[in-house]
Structure formats: structure tokens, C-alpha cells
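Position in the sequence shown (first residue = 1) + 4 = this note's numbering. Note that beta-carbon positions come from the ideal geometry of N, C-alpha and C, so glycine has one too. The structure appears below as C-alpha cells.
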Amino acid sequence: MRIKRLRLTGFKSFVDPADLRIEAGLTGVVGPNGCGKSNLLEALRWVMGETSARSMRGAGMDDVIFAGTATRPARDFAEVSILADDVTDVGTGEGGELEVVRRIERGAGSAYRINGRDVRAKDVALAFADAATGAHSPALVSQGRIGAIIAARPAERRAMLEEAAGIAGLHVRRKDAEQKLRATEANLTRLDEVITDQE
Ligand code: ATP
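Quick look at the structure:
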């Protein structure tokens, strides 16, 4: 997967719509302290499904919405979208483009779209996990992350390796399958009880 474009509106300090084209190769973000470099990386993690407000440096998820300044009023929503290509659909095996949009309304939570379709947060997480990336991808190196990787416990390091190997999506599917299996077993037990009652 290669991310080609990042669009932000009302996200943190990016109150006006910003459209960033990301070219092939190495991309650097430079600017003075406090100009919003980390906010850009957070926008990437957020659109890929980040659920922790704390890791977005906020008290609640609404804190990602532009909070206003002395000269500009606060916004009621924030929206971030990314366009990625070289994405392989695990279902069909076909490659293509993926546009993912996440929007949050103040007090009303987040909604996601993939290629124009309303989807669940889980679908977004799965799409990125299959492409060996996502909100917690070790490829997104924010401040303090190197230290965290060095200090990580073996289980956390293993999760990073599994993500790099592209099998994180399989773990999500396995968890789903196990849940369905448990629900089916509970139904069968209940059915046995009903049959015994009838006899
Ligand atoms: P540094 O180089 O110091 O790490 P940076 O370029 O990474 O800085 P960020 O941390 O991305 O900068 O941006 C911080 C700026 O974003 C601050 O000015 C802060 O006020 C602003 N900001 C963060 N959240 C919001 C919000 N919800 N509404 C408005 N502005 C916000």
C-alpha cells in the first residue's frame, strides 16, 4: 500500500481544508515548533481508526476538532481522508485504490467511509491490517516511539513483527471466527435443553 494523498478539514490546527500530495520516495515534514507536524501524523493514525484519545494528545476524541483561536471560532466537525493505491483486496486478490474517510461531529462520534460506502470502524481496521499497516503501524514513527519500541515487552515486539509480516488481519478474523464459534456452541447447548424439555 502506498498513501498518495492526505486531506484534512477542521482537524486540530488544520481548520481550513488542506490537501497534501505524497509523492513516491521519502517524505519529510519540516516547520517551526508548534506548526502542526505531529498533527499530520496523528491525522494519518486517526483516519486509520485510532480509538485512543490519549494517543491523540486529547482528553476525549472531540479534541481532534479545531477548538478555535482568538480570531476564529471552533468547528463542529473534523474530517480526514487518505487515498492509497497498490492495495490488494484479500477477497478478490485484485489491486486497486482505496479512499478512506473518517468524520467526527462534536458530541456525535465518528463515521467511516471506504470508496464512498459507509463502513464500520472494524472494516477500516481490517482493510489496513491486510495491507500490513494501520493506526498502530510501526511504520508511523512519532516522537518517543523509538524509545517505546526499544523498551517494548517480547509480546509487543511480536505484534510489531506480525504486523510487518502482514498477518495482523488474520488475527482479527480468527478472533471473529472464535466468537461466532462460541455463540454457535451456546445455541447448540440451548437447543439440546429445549429438546430435552420437549421429551
Ligand atoms: P513540535 O515541533 O513542537 O513537536 P509540531 O510542529 O509537531 O510541534 P503539533 O504538536 O503538531 O506541532 O501542533 C501543535 C499545535 O496544534 C498547537 O499550536 C496547538 O494549539 C494546535 N492544536 C492542537 N489541537 C488543536 C485543536 N483541537 N484546535 C486547534 N488547535 C489545535
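Residue pairing by DSSP places Asp122 opposite Arg117 in a beta bridge. The beta-carbon distance between Ala47 and Leu10, rounded to whole angstroms, is 7 Å. This is short enough to meet the 8 Å contact definition.
Between the ligand ATP and the CB of Val51, the shortest heavy atom gap is not smaller than 7 Å. Taking a contact to require three or more Cβ pairs closer than 8 Å, the stretch 48-56 and the stretch 23-36 do not qualify as touching. The nearest non-hydrogen atom of the ligand ATP is less than 7 Å from the C-beta of Gly40.
Residue burial annotation: Leu192 is exposed, with fewer than 16 other C-beta atoms found within 10 angstroms of its C-beta. With the rule of 3 Cβ pairs closer than 8 Å, the stretch 184-199 does not count as touching the stretch 157-171. In the displayed model, Asp67 falls within a helix according to three-state DSSP. A distance criterion of 7 Å places the beta-carbon of Lys179 beyond contact range of the ligand ATP, judged by its closest non-hydrogen atom. For Gly120, the distance from the CB to the nearest heavy atom of the ligand ATP is not below 7 Å. Closer than 7 Å to some heavy atom of the ligand ATP: that does not describe the Cβ of Ala22. Proximity of the beta carbon of Asn191 to the ligand ATP is not indicated: no heavy atom of the ligand is located closer than 7 Å. The beta carbon of Arg178 is closer than 7 Å to none in its chain, skipping five residues each way along the sequence.
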